[in-house]
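Going by numbering that gives the first Met the number 0, the first residue of the sequence shown is number 0, and it counts up by one from there.
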Amino acid sequence: MTTRVVVQDMRRRGQWGHIINMVGLSGHRIPDGPQGGGFYCATKAAVKTLTEGLRQEARGEGVPLRVSAISPGIVETEFFAVRAYGDKQTAQKTTSALKCLQPADIAQAVLWCLSSPPHVEVNDVVLRPTEQLV
């Protein structure tokens with residue numbers, strides 16, 4: 000919904016920008032399917048597909064809208080506490096098992112996409128902690 004409104008406003012103004020969607024590594028694989036993670040991963044895969052669809056629509060219409068997807072692996076945020084229904088010990092087990100990405104790492108990837116030259120469109124950035132297996 001938000002993307003549609005933003006794109007409509009860009010079209011109205013005749014000024015095109017850059018849409019960056021956060022897909023997450025779960026849009027590329029199903030790490031915890033037996034625990035019920037398939038639905039969550041399906042939503043992330045949908046974001047990945049919508050992002051590519053928007054990119055192709057922009058190319059088809061000949062507009063210079065740039066579209067990127069960023070897919071981070073484990074990032075040290077409150078996500079894991081929410082996922083564990085507030086159980087901070089369970090969340091800490093996940094985030095302390097390896098040196099996680101930090102929010103600043105993701106921000107740097109966003110800035111890299113935004114700072115690319117106008118003739119360059121970064122479509123999909125996948126980044127994970129060096130120690131992350133899947």
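Note that CB positions come from ideal geometry on N, CA and C, so glycine has one too. These numbers were taken from a predicted model, which means no experiment stands behind them.
Please identify the residue among the options whose C-alpha is closest to the C-alpha of residue i.
i: Gly144; options: Lys92, Glu130, Pro63; result: Because residue 144 is not part of the residues shown, which for the chain are 0 to 133, the question remains open.
i: Gln101; options: Thr76, Gly16, Asn122, Thr89; result: Thr76
i: Ile73; options: Gln88, Pro30, Val46; result: Pro30
i: Phe78; options: Cys99, Pro117, Ser115; result: Cys99
i: Ser95; options: Gln131, Val109, Val46; result: Gln131
i: Gln107; options: Cys40, Thr89, Asp8, Ser70; result: Ser70
i: Thr50; options: Phe38, Arg3, Asp86; result: Arg3
i: Leu97; options: Pro128, Asp8, Gln88; result: Pro128
i: Glu56; options: Val6, Leu113, Val133; result: Val6
On the three-state DSSP scale, how would you describe residue i?
i: Pro63; result: coil
i: Ile105; result: helix
i: Met9; result: helix
i: Ala134; result: Because the chain in this structure spans residues 0 to 133, residue 134 falls outside the shown range and cannot be described.
i: Leu97; result: coil
i: Val22; result: coil
i: Tyr46; result: Tyr is not the amino acid found at residue 46; the sequence shown has Val there. Correct three-state label for Val46: helix.
Could you spell out the range, first to last residue, of the beta strand (DSSP E) harbouring residue i?
i: Asp123; result: 123 to 126
i: Met0; result: Segment: none, Met0 is in no beta strand (DSSP E) and carries neither H nor E.
For residue i and residue j, which I take to be in contact (beta-carbon distance under 8 Å), what is that distance rounded to the nearest angstrom?
i: Leu125; j: His27; result: Note that residue 125 is Val in the sequence shown, not Leu. Sure, about 7 Å apart at Cβ, within 8 Å.
On the three-pair Cβ rule with 8 Å, is the region 15 to 29 touching the region 50 to 67?
-> yes
Evaluate contact between the region 0 to 15 and the region 48 to 64, counting only Cβ atoms and requiring at least three cross-stretch pairs below 8 Å.
-> yes
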